[in-house]
Amino acid sequence: MGDVLAGFHAAWEFESDSVLIRFERGIRTPRLYQTLGERRIPHEAIAAVTLSPGKRGTVVLHAVPRPGADPLMEAAAGQLKDGCDPYRLVLPAERETLAEYYADELRAQLPSDDGGPPDRYLVPAPEAPLQFKAYDGKASFDGKLVSFRWFWTGASSAKWKAGDQSFAVTDLSGIEWRSPEVFEGHLRLLRRDSPVAQPAQADQDPAAVVFGLGYGPVHESLPFAASILAAIRASRPPALTCDGVGATPASAVRRDPADIAERIRHLGELHQAGLLTDEEFTTKKTELLAEL
4 MGDVLAGFHA
14 AWEFESDSVL
24 IRFERGIRTP
34 RLYQTLGERR
44 IPHEAIAAVT
54 LSPGKRGTVV
64 LHAVPRPGAD
74 PLMEAAAGQL
84 KDGCDPYRLV
94 LPAERETLAE
104 YYADELRAQL
114 PSDDGGPPDR
124 YLVPAPEAPL
134 QFKAYDGKAS
144 FDGKLVSFRW
154 FWTGASSAKW
164 KAGDQSFAVT
174 DLSGIEWRSP
184 EVFEGHLRLL
194 RRDSPVAQPA
204 QADQDPAAVV
214 FGLGYGPVHE
224 SLPFAASILA
234 AIRASRPPAL
244 TCDGVGATPA
254 SAVRRDPADI
264 AERIRHLGEL
274 HQAGLLTDEE
284 FTTKKTELLA
294 EL
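Numbering of the sequence shown is given in this note's numbering, commencing with residue 4 and proceeding in unit increments.
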(Lines of atoms letter the chains of each structure in order from A; the text may use other names.)
(Lines give C-alpha, C1' and ligand atoms only; values in the text may rest on other atoms or scores of the structure.)
Protein backbone atom coordinates (compact mmCIF):
# COMPACT_ATOMS: atom_id res chain seq x y z
CA MET A 4 0.00 0.00 0.00
CA GLY A 5 1.43 3.37 -1.01
CA ASP A 6 1.23 6.87 0.46
CA VAL A 7 -2.17 8.54 0.34
CA LEU A 8 -2.91 12.19 -0.43
CA ALA A 9 -6.51 13.12 0.39
CA GLY A 10 -8.23 16.11 -1.12
CA PHE A 11 -11.76 17.30 -1.71
CA HIS A 12 -13.93 14.50 -3.16
CA ALA A 13 -11.01 12.11 -3.80
CA ALA A 14 -7.86 10.51 -2.41
CA TRP A 15 -4.81 9.50 -4.45
CA GLU A 16 -2.76 6.49 -3.40
CA PHE A 17 0.73 6.49 -4.90
CA GLU A 18 1.92 3.00 -5.78
CA SER A 19 5.09 1.74 -7.47
CA ASP A 20 3.55 1.52 -10.95
CA SER A 21 0.33 3.52 -10.77
CA VAL A 22 -1.89 6.00 -8.96
CA LEU A 23 -5.08 4.59 -7.44
CA ILE A 24 -7.76 7.29 -7.31
CA ARG A 25 -10.65 6.67 -4.94
CA PHE A 26 -13.60 9.03 -5.23
CA GLU A 27 -15.92 9.95 -2.38
CA ARG A 28 -19.65 9.31 -2.53
CA GLY A 29 -20.84 12.36 -0.58
CA ILE A 30 -23.71 14.61 -1.53
CA ARG A 31 -21.36 17.33 -2.83
CA THR A 32 -19.17 14.93 -4.81
CA PRO A 33 -19.67 15.26 -8.59
CA ARG A 34 -21.92 12.52 -9.91
CA LEU A 35 -19.29 11.40 -12.41
CA TYR A 36 -16.85 10.74 -9.56
CA GLN A 37 -19.46 8.71 -7.72
CA THR A 38 -20.15 6.64 -10.83
CA LEU A 39 -16.46 5.95 -11.44
CA GLY A 40 -15.87 4.87 -7.84
CA GLU A 41 -12.15 4.34 -8.23
CA ARG A 42 -9.65 4.29 -11.09
CA ARG A 43 -6.14 2.94 -11.36
CA ILE A 44 -3.96 5.12 -13.59
CA PRO A 45 -0.67 3.46 -14.67
CA HIS A 46 2.34 5.75 -14.77
CA GLU A 47 2.67 5.10 -18.51
CA ALA A 48 -0.81 6.66 -18.97
CA ILE A 49 0.34 9.99 -17.51
CA ALA A 50 2.07 12.56 -19.71
CA ALA A 51 2.77 15.25 -17.11
CA VAL A 52 2.02 16.41 -13.57
CA THR A 53 1.23 20.02 -12.67
CA LEU A 54 0.44 21.89 -9.47
CA SER A 55 -1.35 25.23 -9.69
CA PRO A 56 -3.39 27.61 -7.50
CA GLY A 57 -7.09 26.82 -7.34
CA LYS A 58 -10.12 28.80 -6.23
CA ARG A 59 -10.89 29.97 -2.69
CA GLY A 60 -7.63 28.99 -1.01
CA THR A 61 -6.95 25.70 -2.77
CA VAL A 62 -4.29 24.14 -4.94
CA VAL A 63 -4.86 21.68 -7.76
CA LEU A 64 -2.71 18.65 -8.45
CA HIS A 65 -3.29 17.60 -12.04
CA ALA A 66 -2.05 14.39 -13.67
CA VAL A 67 -2.28 15.18 -17.38
CA PRO A 68 -3.36 11.99 -19.16
CA ARG A 69 -1.43 10.78 -22.17
CA PRO A 70 -3.44 11.20 -25.39
CA GLY A 71 -5.13 7.95 -26.38
CA ALA A 72 -4.47 6.26 -23.01
CA ASP A 73 -7.89 6.66 -21.39
CA PRO A 74 -11.15 5.99 -23.28
CA LEU A 75 -13.09 8.18 -20.85
CA MET A 76 -10.98 11.25 -21.60
CA GLU A 77 -10.85 10.44 -25.30
CA ALA A 78 -14.65 10.30 -25.43
CA ALA A 79 -14.90 13.55 -23.44
CA ALA A 80 -12.67 15.31 -25.99
CA GLY A 81 -11.96 18.26 -23.71
CA GLN A 82 -15.59 18.92 -22.78
CA LEU A 83 -15.42 18.10 -19.07
CA LYS A 84 -15.60 21.02 -16.67
CA ASP A 85 -12.65 21.33 -14.30
CA GLY A 86 -14.81 20.29 -11.37
CA CYS A 87 -15.58 16.96 -13.04
CA ASP A 88 -12.10 16.15 -14.34
CA PRO A 89 -11.10 12.86 -12.65
CA TYR A 90 -7.40 13.70 -13.12
CA ARG A 91 -7.59 16.79 -10.88
CA LEU A 92 -7.16 16.61 -7.11
CA VAL A 93 -8.20 19.78 -5.26
CA LEU A 94 -6.53 20.34 -1.88
CA PRO A 95 -6.48 23.07 0.79
CA ALA A 96 -3.73 25.60 0.11
CA GLU A 97 -1.94 24.66 3.35
CA ARG A 98 -1.14 21.26 1.80
CA GLU A 99 0.72 22.83 -1.12
CA THR A 100 4.16 21.74 0.15
CA LEU A 101 2.98 18.16 0.59
CA ALA A 102 1.30 18.21 -2.82
CA GLU A 103 4.51 19.52 -4.42
CA TYR A 104 6.44 16.65 -2.85
CA TYR A 105 4.09 14.05 -4.31
CA ALA A 106 4.03 15.84 -7.65
CA ASP A 107 7.83 15.65 -7.82
CA GLU A 108 7.82 11.99 -6.78
CA LEU A 109 5.26 11.16 -9.45
CA ARG A 110 7.10 13.09 -12.16
CA ALA A 111 10.24 11.10 -11.40
CA GLN A 112 8.43 7.86 -12.15
CA LEU A 113 6.92 8.89 -15.48
CA PRO A 114 8.36 7.50 -18.74
CA SER A 115 10.91 9.90 -20.22
CA ASP A 116 9.36 9.64 -23.69
CA ASP A 117 5.83 8.30 -24.27
CA GLY A 118 6.44 7.81 -28.00
CA GLY A 119 3.04 9.20 -28.96
CA PRO A 120 -0.44 7.72 -28.46
CA PRO A 121 -0.39 4.04 -27.40
CA ASP A 122 -1.91 1.32 -29.57
CA ARG A 123 -4.20 0.26 -26.71
CA TYR A 124 -6.01 1.92 -23.84
CA LEU A 125 -3.94 1.89 -20.67
CA VAL A 126 -6.78 2.83 -18.31
CA PRO A 127 -9.73 0.42 -18.07
CA ALA A 128 -13.09 1.64 -19.35
CA PRO A 129 -16.33 1.27 -17.36
CA GLU A 130 -17.56 -2.27 -17.85
CA ALA A 131 -20.70 -3.20 -19.79
CA PRO A 132 -23.61 -3.74 -19.51
CA LEU A 133 -24.49 -0.07 -19.37
CA GLN A 134 -27.60 1.92 -20.21
CA PHE A 135 -29.12 5.38 -19.90
CA LYS A 136 -32.17 7.33 -21.00
CA ALA A 137 -31.69 9.97 -23.65
CA TYR A 138 -34.38 12.45 -24.66
CA ASP A 139 -35.51 10.44 -27.68
CA GLY A 140 -34.69 6.88 -26.67
CA LYS A 141 -33.08 4.38 -24.35
CA ALA A 142 -29.47 3.43 -25.09
CA SER A 143 -27.99 0.14 -23.92
CA PHE A 144 -24.67 -1.62 -24.45
CA ASP A 145 -23.92 -5.24 -23.59
CA GLY A 146 -20.28 -5.25 -24.65
CA LYS A 147 -20.95 -6.36 -28.23
CA LEU A 148 -24.10 -4.54 -29.36
CA VAL A 149 -25.22 -0.94 -28.94
CA SER A 150 -29.01 -0.68 -29.01
CA PHE A 151 -31.33 2.31 -29.28
CA ARG A 152 -35.03 1.95 -28.47
CA TRP A 153 -37.00 5.06 -29.42
CA PHE A 154 -39.48 6.92 -27.21
CA TRP A 155 -42.63 8.08 -28.95
CA THR A 156 -42.56 11.32 -26.93
CA GLY A 157 -39.14 12.43 -28.17
CA ALA A 158 -37.96 10.57 -31.27
CA SER A 159 -38.15 12.25 -34.67
CA SER A 160 -40.24 10.84 -37.51
CA ALA A 161 -37.00 9.80 -39.23
CA LYS A 162 -36.08 7.60 -36.29
CA TRP A 163 -39.58 6.15 -36.02
CA LYS A 164 -39.46 5.30 -39.69
CA ALA A 165 -36.07 3.57 -39.27
CA GLY A 166 -37.26 1.66 -36.19
CA ASP A 167 -35.30 0.57 -33.13
CA GLN A 168 -31.62 0.09 -33.89
CA SER A 169 -28.80 -2.29 -32.93
CA PHE A 170 -25.17 -1.85 -33.96
CA ALA A 171 -22.38 -4.39 -33.62
CA VAL A 172 -19.14 -3.00 -32.21
CA THR A 173 -17.27 -4.49 -35.17
CA ASP A 174 -19.28 -2.24 -37.52
CA LEU A 175 -18.26 0.95 -35.74
CA SER A 176 -15.19 3.16 -36.20
CA GLY A 177 -15.74 5.40 -33.19
CA ILE A 178 -18.20 7.60 -31.29
CA GLU A 179 -19.02 11.29 -31.06
CA TRP A 180 -20.06 12.48 -27.61
CA ARG A 181 -21.30 16.03 -27.19
CA SER A 182 -21.88 16.99 -23.58
CA PRO A 183 -25.51 17.26 -22.42
CA GLU A 184 -24.45 20.49 -20.73
CA VAL A 185 -24.16 22.27 -24.09
CA PHE A 186 -26.56 22.97 -26.94
CA GLU A 187 -27.33 19.96 -29.15
CA GLY A 188 -25.73 17.41 -26.84
CA HIS A 189 -25.81 13.88 -28.21
CA LEU A 190 -24.08 10.53 -28.56
CA ARG A 191 -23.51 9.44 -32.14
CA LEU A 192 -22.09 6.14 -33.34
CA LEU A 193 -19.67 6.50 -36.23
CA ARG A 194 -20.26 3.66 -38.65
CA ARG A 195 -17.48 1.94 -40.51
CA ASP A 196 -17.80 1.80 -44.33
CA SER A 197 -21.42 3.00 -44.29
CA PRO A 198 -22.79 3.21 -47.85
CA VAL A 199 -25.00 6.16 -46.86
CA ALA A 200 -23.73 9.37 -45.26
CA GLN A 201 -25.04 9.92 -41.74
CA PRO A 202 -27.43 12.87 -41.30
CA ALA A 203 -25.79 16.04 -40.02
CA GLN A 204 -28.42 16.51 -37.31
CA ALA A 205 -28.31 13.97 -34.49
CA ASP A 206 -32.08 14.06 -34.03
CA GLN A 207 -32.44 12.73 -37.60
CA ASP A 208 -29.72 10.08 -37.32
CA PRO A 209 -30.84 6.56 -36.29
CA ALA A 210 -27.23 5.98 -35.15
CA ALA A 211 -27.49 8.73 -32.52
CA VAL A 212 -29.45 9.65 -29.42
CA VAL A 213 -29.94 13.25 -28.33
CA PHE A 214 -29.76 14.63 -24.81
CA GLY A 215 -32.03 17.05 -23.02
CA LEU A 216 -32.58 18.42 -19.53
CA GLY A 217 -32.22 15.39 -17.27
CA TYR A 218 -31.66 13.02 -20.19
CA GLY A 219 -28.23 11.53 -20.89
CA PRO A 220 -26.38 13.25 -18.01
CA VAL A 221 -22.58 13.26 -18.07
CA HIS A 222 -22.19 10.64 -15.34
CA GLU A 223 -24.28 8.17 -17.37
CA SER A 224 -23.61 8.94 -21.03
CA LEU A 225 -19.85 9.55 -20.83
CA PRO A 226 -18.93 6.19 -19.20
CA PHE A 227 -21.28 4.60 -21.76
CA ALA A 228 -19.37 6.25 -24.61
CA ALA A 229 -16.00 5.28 -23.11
CA SER A 230 -17.05 1.65 -22.81
CA ILE A 231 -18.01 1.59 -26.50
CA LEU A 232 -14.69 3.16 -27.52
CA ALA A 233 -12.75 0.54 -25.57
CA ALA A 234 -14.76 -2.27 -27.17
CA ILE A 235 -14.18 -0.82 -30.65
CA ARG A 236 -10.43 -0.69 -30.15
CA ALA A 237 -10.37 -4.20 -28.66
CA SER A 238 -12.28 -5.54 -31.68
CA ARG A 239 -9.71 -4.34 -34.20
CA PRO A 240 -7.59 -7.25 -35.48
CA PRO A 241 -3.82 -6.65 -35.40
CA ALA A 242 -2.05 -6.46 -38.72
CA LEU A 243 1.07 -8.53 -39.40
CA THR A 244 4.42 -7.01 -40.20
CA CYS A 245 6.88 -8.65 -42.55
CA ASP A 246 8.34 -10.67 -39.68
CA GLY A 247 4.92 -11.90 -38.59
CA VAL A 248 4.70 -9.71 -35.50
CA GLY A 249 1.34 -8.13 -34.73
CA ALA A 250 1.02 -4.41 -35.37
CA THR A 251 -1.77 -1.89 -35.38
CA PRO A 252 -2.70 -1.00 -38.98
CA ALA A 253 -2.63 2.68 -39.86
CA SER A 254 -6.20 2.40 -41.16
CA ALA A 255 -7.37 1.42 -37.67
CA VAL A 256 -6.32 4.73 -36.09
CA ARG A 257 -9.32 6.97 -35.46
CA ARG A 258 -9.42 10.10 -37.58
CA ASP A 259 -12.67 11.62 -36.34
CA PRO A 260 -12.59 15.31 -35.29
CA ALA A 261 -13.39 14.60 -31.62
CA ASP A 262 -10.30 12.43 -31.29
CA ILE A 263 -8.08 15.01 -33.01
CA ALA A 264 -9.47 17.81 -30.81
CA GLU A 265 -8.75 15.82 -27.65
CA ARG A 266 -5.18 15.11 -28.69
CA ILE A 267 -4.55 18.74 -29.56
CA ARG A 268 -5.95 19.76 -26.17
CA HIS A 269 -3.49 17.41 -24.46
CA LEU A 270 -0.64 18.79 -26.53
CA GLY A 271 -1.64 22.28 -25.40
CA GLU A 272 -1.47 21.18 -21.75
CA LEU A 273 1.99 19.68 -22.29
CA HIS A 274 3.09 22.89 -24.02
CA GLN A 275 1.72 25.04 -21.21
CA ALA A 276 3.49 22.83 -18.66
CA GLY A 277 6.78 23.43 -20.47
CA LEU A 278 7.18 19.84 -21.63
CA LEU A 279 6.95 20.76 -25.31
CA THR A 280 8.76 23.59 -27.07
CA ASP A 281 6.88 25.99 -29.34
CA GLU A 282 8.33 24.19 -32.36
CA GLU A 283 7.42 20.71 -31.08
CA PHE A 284 3.88 21.83 -30.27
CA THR A 285 3.38 23.41 -33.70
CA THR A 286 4.82 20.37 -35.50
CA LYS A 287 2.70 17.82 -33.64
CA LYS A 288 -0.43 19.95 -33.96
CA THR A 289 0.12 20.23 -37.71
CA GLU A 290 0.54 16.46 -37.96
CA LEU A 291 -2.75 15.88 -36.13
CA LEU A 292 -4.64 18.40 -38.25
CA ALA A 293 -3.32 16.64 -41.34
CA GLU A 294 -5.13 13.46 -40.20
CA LEU A 295 -8.56 15.06 -40.54
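Idealized CB from N, CA, C, for every residue including glycine. These numbers come from a predicted model, not from an experiment.
- In this structure, V62 keeps its C-beta atom at 7 angstroms or more from the C-beta atom of E272.
- Judged by DSSP in its simplified three-state form, Y36 adopts helix.
- About 6 angstroms separates the beta carbons of P129 and A229, which is inside the 8 angstroms limit, making them a contact pair.
- Three or more Cβ pairs closer than 8 angstroms define a contact, and the region 129 to 149 meets that threshold against the region 208 to 219.
- In this chain, the beta strand (DSSP E) harbouring V149 covers 148 to 153.
- In this structure, DSSP gives Q204 a state outside helix and strand, which the three-state scheme calls coil.
- In this structure, V52 sits near L109, with a CB-CB distance shorter than 7 angstroms.
- Annotation for R152: G140, K141, D167 place their beta carbon closer than 6 angstroms to its own, counting only its chain and skipping 5 residues before and after.
- Inclusion of L113 and I44 in the CB contact set at 7 angstroms is not warranted, their separation being larger than that value.
- At the C-beta level, V149 and S238 stay beyond 7 angstroms of one another.
- Annotated three-state conformation of V126 is coil, per DSSP.
- The region 61 to 102 contains, as complete alpha helix (DSSP H) runs of 4+ residues, the segments 74 to 79 (chain order).
- Around the beta carbon of A200, fewer than 16 other beta carbons sit within 10 angstroms, so the residue counts as exposed.
- Here the alpha carbons of S160 and A13 stand approximately 45 angstroms from one another.
- Beta-bridge pairing by DSSP links I49 to P68.
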